[in-house]
Structure formats: C-alpha cells, structure tokens
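Let me begin by presenting the structure, written as structure tokens, before commenting on it.
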Amino acid sequence: MAGVTHLIPDRTEEKSILKAMKENSTKITIECNNEMDMYYFPAKKISVSEYQKVTRKNLKKIIMVGETGSGKSTLINAFVNYAAGIEIEDPLRFKLVNHEIELQTREISGYLIEDTLFEYPIMIWDTPGFKFANGRKIDEKIEQQIQKLLSVEDEFHAICFVIKADVNRLTDVQNLIIDNVKRLFGREAEKNMYTLTTFGYGDRPEVLRTLMRSNFPFDENRWFTFNNRHLFKTESQRWFGSKIYWDITINSIIQFHNTLAHQLPFGITRETRKANVFGYMKVESDEDYYADYVEELSSPENK
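Here it is in structure tokens:
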C-alpha cells in the first residue's frame with residue numbers, strides 16, 4: 001500500500017459539508033431506524049446509453065470492476081460517506097449504490113460527485129459484479145456497455161480492480177475480468193490499474209501474492225486495503241473492534257484519493273476505440289452507423 005500522508009480535514013469543514021449534503025439528499029425512510037437515518041447521496045447519476053462526455057476542472061474519472069460478491073458496492077458507499085464528512089459515531093449514513101437494484105438491472109452507472117471533502121470532482125463508473133452468464137461465458141451485456149462507454153470517453157485516471165483480501169487463487173471469472181479489462185482498455189491502461197482489497201484486517205493480504213503470480217499489472221503504489229463491514233452498523237451493533245476497521249478504511253480512502261490527485265490519465269487510443277465501437281455496434285446490428293463512426297475516427301482531424 002502506498003505510504004502517502006495526507007492532512008485530514010478538521011471537523012468544522014466536515015460538518016459544514018455534511019450539513020450541505022444532508023440538505024440536498026432524500027431520506028430512505030424504509031432503511032431508517034431509531035439509531036440511524038439513511039439518505040441517498042446527492043450525486044448526478046448517468047447511464048451509459050445517455051452519456052455525453054463530462055468536463056469539469058481537475059475531474060478524475062475512475063471505473064470500478066470486480067467479481068460478484070467482492071464488496072465493490074459497499075466500498076463505493078464507503079467512499080461517499082467519507083466524502084460527505086461522516087464519522088463512525090454520526091447517526092446517519094449515505095448510500096450511492098444499491099446492491100439489490102444493481103443485481104436486478106445489470107447496468108453500468110456513472111456518478112458525478114462534486115463539492116465534497118475530496119479536493120477534486122470525481123466521475124465514478126460502477127460496473128455490476130461480473131459473473132458467468134451462460135456456461136463459461138462472461139456477462140456480455142456488461143462488456144458491451146463498457147465498449148459503448150469507451151466509444152465516447154477518451155481517458156480515465158484509474159481502473160479499480162476490487163477483490164477480497166483472502167483470495168489465494170484467482171477464479172475463472174477474476175482471470176477473465178483481468179483479460180477483458182486489458183483487452184477493452186488497451187495496454188496503455190496498465191499503469192493506471194489499481195488494486196482495492198476488501199474484507200482486509202490491516203495486514204498484508206494473501207491476495208497480493210496471488211496477483212503477482214497472475215498477469216495482472218500489480219503495483220505496490222496502487223494497492224489499498226479496506227474493511228467496510230461496520231459501515232452501516234448502528235451504535236448498539238458496534239463492538240470495540242469496529243473503530244479499528246473503520247479507521248483502516250478511512251486511512252485507505254485518504255491515501256487512495258491523494259494518490260489519485262497526482263495520477264495522470266491514460267488515453268484510449270484510436271485503435272482501441274475502433275475495436276470497441278465495432279464490438280457493441282456489431283451486436284446491435286447497426287453496421288451502417290458503425291461504418292460512419294469508424295470513418296469519422298479515421299478522418300484527418302481525429303488523427
């Protein structure tokens with residue numbers, strides 16, 4: 001894990017941001033109880049089908065990938081609770097990603113996060129958990145949506161591979177995720193691939209040795225560990241170890257975003273864009289549009 005230090009905002013700044021977030025949020029009444037209120041995090045949600053390139057000063061663009069059950073949805077929710085200034089003792093939490101809805105829709109969603117504790121706006125693309133759809137074939141619907149996204153977006157700062165800390169052997173799905181990400185994003189993306197381990201205990205997890213033996217481009221400076229099991233626990237549900245796990249996650253979030261602040265983006269090459277355009281348009285049987293788009297990419301002004 002990168003040994004990056006960062007000044008934690010004081011509680012005055014945190015509470016000011018938290019107040020603004022709460023005022024602009026909708027309460028999830030069905031998930032509230034006597035000890036904790038739940039709110040939808042106020043981010044602009046964007047679907048791949050309606051996406052047009054977002055421009056903001058210092059905007060960081062990241063995409064999250066992982067196998068079903070890796071803890072990716074809860075990790076994203078941990079990010080936004082930190083961004084809103086939430087502390088473990090606060091009687092409220094925010095949710096950005098609803099895991100149950102994600103499992104039903106199988107859609108990639110983009111979230112534009114602004115005016116938070118982060119020093120920059122962030123565009124997070126959340127992919128549903130990968131799994132085998134038919135036999136031994138990876139879920140094509142997710143792959144096609146990534147291809148469509150990459151036909152519009154021309155750069156990213158980070159591809160975050162979310163994986164459990166105790167994995168000692170990669171599953172077939174995890175190997176396919178790695179292969180597909182490298183194929184879809186191109187070799188230029190390898191220096192922007194991050195490892196985010198979940199269900200960690202603060203020590204060096206077994207999964208790192210596993211990744212080093214694989215074809216994943218692992219880098220010590222782009223690895224961060226998290227434990228989010230107590231994110232939504234109420235005061236009566238927490239125990240003496242809860243604060244330890246909470247601090248592991250908060251410290252890693254701070255270090256991750258401080259590293260991301262200095263991360264240069266990688267560009268999607270014209271060849272990679274063409275391949276992705278062909279991939280999703282071929283499936284949609286829109287060969288005429290595909291031909292026109294490739295011709296546009298090949299024009300002198302796009303070279």
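Sequential numbering of the sequence shown, starting at 1, is according to the working numbering. Virtual Cβ for every residue (Gly too), placed ideally from N, Cα, C.
Three-way DSSP call (helix, strand, coil) for residue i in this model
{"i": "Lys15", "result": "helix"}
{"i": "Thr249", "result": "helix"}
{"i": "Phe224", "result": "strand"}
{"i": "Ser151", "result": "coil"}
{"i": "Ile63", "result": "strand"}
{"i": "Ile46", "result": "strand"}
{"i": "Ala20", "result": "helix"}
{"i": "Thr198", "result": "strand"}
{"i": "Ile347", "result": "Outside the shown range of the chain, which is 1 to 303, sits residue 347, and nothing can be said about it."}
{"i": "Phe118", "result": "coil"}
{"i": "Met212", "result": "helix"}
{"i": "Ser25", "result": "coil"}
{"i": "Phe218", "result": "coil"}
{"i": "Leu260", "result": "helix"}
{"i": "Phe232", "result": "coil"}
Beta bridge counterpart(s) of residue i as assigned by DSSP
{"i": "Met193", "result": "Ile159"}
{"i": "Trp239", "result": "Answer is none; Trp239 lacks a bridge partner."}
{"i": "Gln126", "result": "A small correction: the amino acid at residue 126 is Asp; Gln does not occupy that position in the sequence shown. Asp126 is bridged to Met64 and Ser109."}
Length of the line joining the Cα atoms of residue i and residue j
{"i": "Pro265", "j": "Ile253", "result": "19 Å"}
{"i": "Trp246", "j": "Ala83", "result": "14 Å"}
{"i": "Lys233", "j": "Pro91", "result": "10 Å"}
{"i": "Asp219", "j": "Val97", "result": "28 Å"}
{"i": "Val181", "j": "Leu208", "result": "19 Å"}
{"i": "Ile124", "j": "Ser25", "result": "19 Å"}
{"i": "Tyr201", "j": "Ile248", "result": "8 Å"}
{"i": "Ala304", "j": "Glu67", "result": "The chain is shown from 1 up to 303; residue 304 falls before or after that span and cannot be answered."}
{"i": "Lys22", "j": "Lys60", "result": "24 Å"}
Residue nearest to residue i in terms of C-alpha spacing, selected from the options
{"i": "Leu18", "options": "Cys32, Pro42 and Asn33", "result": "Pro42"}
{"i": "Phe118", "options": "Ser151, Pro128 and Ala261", "result": "Ala261"}
{"i": "Ser49", "options": "Glu14, Thr74, Gly110 and Glu67", "result": "Gly110"}
{"i": "Leu75", "options": "Gln237, Ser151, Phe199 and Pro205", "result": "Phe199"}
{"i": "Ser73", "options": "Thr272, Leu231 and Trp239", "result": "Leu231"}
{"i": "Asp179", "options": "Tyr39, Pro217, Asn258 and Asp126", "result": "Pro217"}
{"i": "Gln52", "options": "Lys243, Arg187 and Lys148", "result": "Lys148"}
Supposed close pair residue i, residue j - CB separation, criterion 8 Å
{"i": "Ile163", "j": "Thr197", "result": "6 Å"}
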